[in-house]
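Heads up: the sequence shown is residues 14 to 241, going by our numbering.
All C-beta atoms, glycine included, are put in the ideal place defined by N, C-alpha and C.
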Amino acid sequence: MDKKEFKEKVADNEYDEVNVLQLFGLQDDVFMGGSVEICHRPCGHTDTKIFSQGIYENELISYIEDYCADCKRKIANTVEFIKQYIEWLYVDVAFLNDDMTHCRIMEGKKYTDYFKSNINLEKFAKANYKLNVIQLMKAVDLYIEDVVGKKEENGYTIKSVKVDMVCNRITHFRSKASISRRELAEKTEIAFKTIENYELGRTKLTSIPILNAMKISDALGIPPEFLV
Ligand SMILES: [Zn+2]
């Protein structure tokens with residue numbers, strides 16, 4: 014495999030910033046030496062690997078594939094986080110068709126399904142990979158604001174996006190965790206009446222004390238950032 018072929022091969026993966034500086038002395042499938050510069054775009058980690066001794070083509074490929082392995086694991090976690098966050102947002106989408114008359118709210122469907130089918134989460138995570146989850150949440154929020162007015166492949170234009178209320182989201186994740194309101198109160202040692210007030214929307218999220226928000230997110234198995 015020559016330099017050009019090699020470049021094409023690695024261009025298929027996420028390391029489209031692989032720069033084959035030089036590879037020489039190819040004998041059968043062994044390169045006698047050379048250097049390759051790799052930049053992992055999502056994190057910006059750049060490295061130049063110099064091969065001074067013979068290296069097999071497959072060793073070189075696996076070196077590149079393992080490059081930034083830790084960072085790739087983080088990105089995988091980021092994808093999971095985004096999925097969970099979108100579920101947490103639990104948004105409804107209203108559509109208009111071409112003549113701008115028909116409006117359709119995604120009935121019985123969660124925004125999660127919409128989001129999943131319309132964007133590549135993996136790609137989104139790479140493009141918005143942030144160590145700070147708050148920044149990542151903001152990127153998702155921006156994306157959601159951005160879809161309004163955009164025409165979909167199905168011919169509909171997104172008229173509005175309604176983010177569900179926090180109180181419903183607490184109920185949603187509590188149901189998902191299969192625990193009752195009373196059990197949540199017991200687990201968190203928060204008064205039952207207080208939990209009830211949160212879920213019925215009698216208390217605004219901004220007024221939930223941080224300690225309670227932490228206890229609830231912990232009991233529901235969601236990141237505490239969702240509530241603060
Ligand atoms: Zn990386």
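| Check | Outcome |
| --- | --- |
| Can the beta-carbon of methionine 150 be found closer than 8 Å to that of glutamate 70? | no |
| So which residues put a beta carbon under 7 Å from any heavy atom of ligand 1, going in chain order? | His53, Pro55, Cys56, His58, Cys81, Cys84 and Lys85 |
| Using three-state DSSP, classify leucine 213 as helix, strand or coil. | coil |
| Report, in whole angstroms, the separation of the C-beta atoms of threonine 184 and isoleucine 229, which I expect to be a contact under 8 Å. | In fact, because the Cβ distance is near 12 Å, the residues do not count as touching under 8 Å. |
| Using the rule of at least 16 other Cβ atoms within 10 Å of the residue's Cβ for burial, across every protein chain shown, is glutamate 93 buried or exposed? | exposed |
| Cutting at 7 Å between CB atoms, please list the residues of its own chain near glycine 214, excluding the five before and the five after it. | Met178 and Cys180 |
| What's the C-alpha gap between isoleucine 203 and asparagine 225? | 7 Å |
| Here's a check: name, in chain order, each residue in its chain whose Cβ is nearer than 7 Å to the Cβ of glutamate 135, leaving out the five neighbours to either side. | Val92 |
| Whole angstroms are fine: how far does the CA of glycine 47 sit from the CA of phenylalanine 137? | 34 Å |
| Would valine 161 be called buried (16 or more neighbouring beta carbons within 10 Å of its own) or exposed? | exposed |
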